[in-house]
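Colleague:
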Amino acid sequence: MTEATAAPVGVDAATPRRLLGTDGTLLPGAADVVGDPETVRGLYRDMVLARHFDQEAHHLQRQGELGLWLSCRGQEAAQVGSIRALRPDDHVFPSYREHAAALCRGISPSELLAQWRGTAHGGWNPDDHRMHICSLVLSTQLLHATGYALGVAADRRRDATVDEIVMCYFGDGAASQGDANEALNWSAVTGAPVLFFCQNNQWAISTPSVAQSRTPLHVRAEGFGLRSTVVDGNDVLAVHAATAAAAERIRRGGGPEFIEALTYRMAGHSTSDDPGRYRDSGEVDWWAERDPLTRVRRLLDVRGWAGEEFHAALDEEAMALAEGTRIACRALATPPLEDVFRATLVEETAALRAERERFTAWKESFA
Amino acid sequence: MSAASDVAAQTLTLGAALGAGLRQAMAADDSVVLLGEDIGALGGVFRVTDGLQAEFGADRVFDTPLAESGIVGTAIGLALRGYRPVCEIQFDGFIYPAFDQIVSQLAKLRARSGGRLSVPVTIRVPCGGGIGAVEHHSESNEAYFCHTAGLRVVACASPADAHWMIQQAISCDDPVIFYEPKRRYWEKAPVVTGPVPASAPGLDRARLARSGSDVTVIAYGPTVRVALDAATVAESENRSLEVIDLRSLSPLDVDAVTASVCKTGRAVVVHEAPTFAGLGAEIATEITERCFPVLEAPVQRVGGWNTPYPPARTEELYLPDLDRVLDAVDATYRY
Numbered sequence: 000m001t002e003a004t005a006a007p008v009g010v011d012a013a014t015p016r017r018l019l020g021t022d023g024t025l026l027p028g029a030a031d032v033v034g035d036p037e038t039v040r041g042l043y044r045d046m047v048l049a050r051h052f053d054q055e056a057h058h059l060q061r062q063g064e065l066g067l068w069l070s071c072r073g074q075e076a077a078q079v080g081s082i083r084a085l086r087p088d089d090h091v092f093p094s095y096r097e098h099a100a101a102l103c104r105g106i107s108p109s110e111l112l113a114q115w116r117g118t119a120h121g122g123w124n125p126d127d128h129r130m131h132i133c134s135l136v137l138s139t140q141l142l143h144a145t146g147y148a149l150g151v152a153a154d155r156r157r158d159a160t161v162d163e164i165v166m167c168y169f170g171d172g173a174a175s176q177g178d179a180n181e182a183l184n185w186s187a188v189t190g191a192p193v194l195f196f197c198q199n200n201q202w203a204i205s206t207p208s209v210a211q212s213r214t215p216l217h218v219r220a221e222g223f224g225l226r227s228t229v230v231d232g233n234d235v236l237a238v239h240a241a242t243a244a245a246a247e248r249i250r251r252g253g254g255p256e257f258i259e260a261l262t263y264r265m266a267g268h269s270t271s272d273d274p275g276r277y278r279d280s281g282e283v284d285w286w287a288e289r290d291p292l293t294r295v296r297r298l299l300d301v302r303g304w305a306g307e308e309f310h311a312a313l314d315e316e317a318m319a320l321a322e323g324t325r326i327a328c329r330a331l332a333t334p335p336l337e338d339v340f341r342a343t344l345v346e347e348t349a350a351l352r353a354e355r356e357r358f359t360a361w362k363e364s365f366a
Numbered sequence: 000m001s002a003a004s005d006v007a008a009q010t011l012t013l014g015a016a017l018g019a020g021l022r023q024a025m026a027a028d029d030s031v032v033l034l035g036e037d038i039g040a041l042g043g044v045f046r047v048t049d050g051l052q053a054e055f056g057a058d059r060v061f062d063t064p065l066a067e068s069g070i071v072g073t074a075i076g077l078a079l080r081g082y083r084p085v086c087e088i089q090f091d092g093f094i095y096p097a098f099d100q101i102v103s104q105l106a107k108l109r110a111r112s113g114g115r116l117s118v119p120v121t122i123r124v125p126c127g128g129g130i131g132a133v134e135h136h137s138e139s140n141e142a143y144f145c146h147t148a149g150l151r152v153v154a155c156a157s158p159a160d161a162h163w164m165i166q167q168a169i170s171c172d173d174p175v176i177f178y179e180p181k182r183r184y185w186e187k188a189p190v191v192t193g194p195v196p197a198s199a200p201g202l203d204r205a206r207l208a209r210s211g212s213d214v215t216v217i218a219y220g221p222t223v224r225v226a227l228d229a230a231t232v233a234e235s236e237n238r239s240l241e242v243i244d245l246r247s248l249s250p251l252d253v254d255a256v257t258a259s260v261c262k263t264g265r266a267v268v269v270h271e272a273p274t275f276a277g278l279g280a281e282i283a284t285e286i287t288e289r290c291f292p293v294l295e296a297p298v299q300r301v302g303g304w305n306t307p308y309p310p311a312r313t314e315e316l317y318l319p320d321l322d323r324v325l326d327a328v329d330a331t332y333r334y
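Chains as they are written, first to last, in numbering that gives the first Met the number 0: chain A, 0 to 366; chain B, 0 to 334.
1) So, is B/S4 buried or exposed, given that buried needs 16 or more other C-beta atoms within 10 angstroms?
2) Under 8 Å between beta-carbons, which chain A residues line up against B/P404? List them in chain order, please.
3) Give me the Cα-Cα distance between A/G224 and B/F61, rounded to the nearest whole angstrom.
4) Give a yes or no on whether the minimum CB-CB distance between A/T348 and chain B is below 8 Å.
5) Can you tell me which of B/P189, B/T287, B/N140 and B/R111 puts its alpha carbon nearest to the alpha carbon of B/I88?
6) Helix, strand or coil: which one does DSSP assign to B/P64?
7) Is the beta carbon of A/V39 sitting closer than 8 Å to the one on A/L299?
8) Restricting to Cα atoms, I'd like to know which of A/R157, A/A237 and A/E247 is closest to A/D31.
9) Along chain B, in chain order, which residues have C-beta atoms closer than 7 Å to that of A/G121?
10) May I ask which residues mark the beginning and end of the beta strand (DSSP E) holding A/R226?
11) Need the endpoints of the alpha helix (DSSP H) that A/P108 sits in, please.
12) For the putative contact between B/R179 and B/P119, defined by C-beta atoms under 8 Å, what is the C-beta separation to the nearest angstrom?
13) Let me know the secondary structure DSSP gives A/L351 once reduced to three states.
14) Specify, as a first and last residue, the run of the beta strand (DSSP E) that B/K187 falls within.
15) Taking one C-beta from the region 45-55 of chain A and one from the region 302-320 of chain A each time, how about it: are there three or more such pairs within less than 8 Å?
16) Comparing the C-beta of A/A177 with each C-beta of chain B, is any distance below 8 Å?
17) Looking at the structure shown, is B/Y219 part of a helix, part of a strand, or coil, going by DSSP?
18) Taking 8 Å as the cut-off, decide whether the C-beta atoms of B/D91 and B/E138 are in contact.
19) For the beta strand (DSSP E) holding A/P36, just list the boundary residues, first then last.
20) Within the same chain, show all residues whose beta-carbon is closer than 7 Å to that of A/Y368, passing over the 5 residues directly before and after it, in chain order.
21) Would B/S247 be called buried (16 or more neighbouring beta carbons within 10 Å of its own) or exposed?
22) In chain A, which residues lie less than 7 Å from B/T73 when you measure between Cβ atoms?
23) If we cut at 8 Å on Cβ distances, does A/A153 have a partner in chain B?
24) Quick one: which chain B residues come within Cβ less than 8 Å of A/V305?
25) Can you tell me which of A/G281, A/P274 and A/L194 puts its alpha carbon nearest to the alpha carbon of A/A241?
26) Locate the alpha helix (DSSP H) running through A/M318, then write down its first and last residues.
27) Closest Cβ-Cβ distance between B/A2 and chain A: below 8 Å?
28) Going by DSSP in three states, B/P292 sits in which element: helix, strand or coil?
29) Is the separation between the beta-carbon of A/A182 and that of A/L141 shorter than 8 Å?
30) Go ahead and label A/M318 buried or exposed: buried means 16 or more other beta carbons lie within 10 angstroms of its beta carbon, across all protein chains shown.
31) Tell me the rounded alpha-carbon separation between B/P297 and B/Y332.
32) Is the separation between the beta-carbon of B/G20 and that of B/Q166 shorter than 8 Å?
33) For A/N199, write down the residues that DSSP places opposite it in a beta bridge.
34) Give me the chain A residues within the contact set of B/G149, using Cβ-Cβ distance strictly less than 7 Å, ordered along the chain.
35) On the three-state DSSP scale, how would you describe B/A272?
36) Assign A/E337 to buried or exposed, taking buried as 16 or more other Cβ atoms, counted over all protein chains shown, within 10 Å of its Cβ.
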């Protein structure tokens, strides 16, 4: 741990909220907000499982089983800490790299991999997990989250017991899009119960965050009129505490908020990327020393909150998840193209039906 | 129209008939909400939503920030929450900032979710020229949306039909792009207000606007009136034009079109949009595929010229008018 080492350009421009030092020591103020050891062990387990799943998916892509994979390695604390601070019925709108958050919502490896294997666009039912499908066109989901939150607010005016909030994930690159800025403004002016959770992982493919925004993103959000927090995104305890506090304020009618989690995309943008062409290994090393898993492991060790038995069981669980992921991936069958005709509109039109039947007849003419 | 419904009919402009249709839909289903720019206290720049905010409250009829992508994007979120949002895009030429939300999100969410999600959003768009407007206020951009699977695209042409169609669009579980011919907003006709009667054509059906036997003229939105006027003039020249009001642009009621053309053997398609890769090209192809043996002449297209929409003082020369329609009808007799 070398806190004195100069941070890469653009990082730590502000002083982010941090509760857990990279050496595993709890920082001043932590005692007030850090939960019991059980909570810390739970967050650690979620992160370990996510990392194994992510690593397995990466391997599956390299083996040709997936067309593409976008790794969340390094961002586990930002995702686990935030989604675990919500209630299970708080609706979440992800971008496309929120695999750790998705696992926390009970989305299965099979459902998560379908999109990247090319057997579906959206692999799960959003209503089952209170988590929307991925949005690959950047920042479109911020407007969906805002509209959904307006619907929650309208429901609440009709029924005072409705107190869900909405959370929306996006990245530093997406923050440059028009939709993101429309959504921040829109939510602020309407008071929509939505939490915008920005994972600033420093890179939008090859474009660094310093080339995306002159003003730090959490400062920009303040300009729109949102209460805004910047947090060490590799500190799961700080992320959890900041998200829980924001969620509670929003739930009580405090209006939309913004959290910028400073984190790092340890892998390339995707399995098609080559980050060696645009960033130094020294920068990656700097962040590796701040790995979100390692520091919690140190905390658990220092405090004696988890023994060898816990870690052995977790390792076993992680290996089982990885193996289950391999099996689930290979079992994902190619669906019939006819399904797309049926899913284009709520009821298939005569024209779609006729075209589908022409396709089927053509296909079967080769049988 | 039956004698009983004649009693209840009132003369309304197309704009007022739309407003009455919105009122009917909101009264029938409290999940219907209206959003757009200046639609509340002002009642919209064309006053289509006049009085609705006062009647239903600002929770259900609300003015938005001036951001079209935001209007459609938040409407999608509202629909995912269980609402039936009706967006107003103030003018046709202002829809392009929302293009991505319409094409990538609204149209595709059903398919992208494997048929699990539905997004019943209606987008009302005043369309077309003829009112002497400044640039970006007279566009006919329906072809962009007809080309996108997952959307329904419709255009109303008369007050009574507008009253029904807006209700049908709102109750439809698919997203609907709803074109309103802005130069016909002030056209008056008897309208029986209330729920859509069982006898009304479905949202995906064309309507026989005038029976004839010699030439089929296919029009929609603002050009239905042009086609009807042309039919009146043609009658004095002993030519009988059958006018089809398409109503639904996607899906197309191809059966209605080809049934007529197989009877007449001649077809003219009229729309304000430029003809290149426009709806007329699609319709001409369908007619050719299905009516080829009985066609007396190639299908004629009358549309806007393939240029940007011109300055207002020249728009009369750009828009398809009665003479150009009759000229196209004549052309079908030259083969």
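Even for Gly, the Cβ is constructed at its ideal location relative to N, Cα and C. These numbers were taken from a predicted model, which means no experiment stands behind them.
Modeller: In short:
1) In this predicted model, B/S4 has a pLDDT of only 47, less than 50, meaning its place in the structure is not dependable; the value taken from the coordinates is given anyway. By the 10 Å Cβ count, B/S4 comes out exposed.
2) Only positions 0 to 334 of chain B appear in the structure, and residue 404 of chain B is not among them; the question remains open.
3) Roughly 20 Å separates the two Cα atoms.
4) At least one C-beta of chain B is nearer than 8 Å to the C-beta of A/T348.
5) B/N140
6) coil
7) yes
8) A/A237
9) Chain order gives the chain B residues near A/G121 as R111, S112 and G113, where near means a beta carbon separation below 7 Å.
10) R226 to D231
11) P108 to R116
12) Strictly speaking, residue 179 of chain B in this sequence is Glu, with Arg absent from that position. Not really, about 19 Å apart at Cβ, beyond 8 Å.
13) helix
14) K187 to V190
15) yes
16) In the sequence on display, residue 177 of chain A carries Gly and not Ala. Judged by the 8 Å Cβ criterion, A/G177 is in contact with chain B.
17) coil
18) If you check the CB distance, B/D91 and B/E138 come in under 8 Å.
19) Premise fails: A/P36 lies in the alpha helix (DSSP H), P36 to R61, not in any beta strand (DSSP E).
20) No answer is possible for residue 368 of chain A: it lies beyond the span of chain A, which begins at 0 and ends at 366.
21) Classification of B/S247: buried, given that the 10 Å Cβ count is 16 or more.
22) At a C-beta separation below 7 Å, B/T73 has these neighbours in chain A: L142, T145, G146, L149 and W185.
23) Interface annotation, A/A153: in contact with chain B, CB-CB separation under 8 Å.
24) At residue 305 of chain A the sequence reads Ala, which differs from the Val that was named. Neighbours of A/A305 on chain B: none; closest Cβ ~39 Å, over 8 Å.
25) A/L194
26) E307 to A330
27) With a pLDDT of only 44 at B/A2, under 50, the local geometry of the prediction cannot be trusted, and the value read off the model is given with reservation. No, its Cβ sits nowhere closer than 8 Å to a Cβ of chain A.
28) helix
29) yes
30) exposed
31) About 10 Å.
32) yes
33) A/L261
34) T343 and L344
35) Here B/A272 sits in strand by DSSP.
36) exposed
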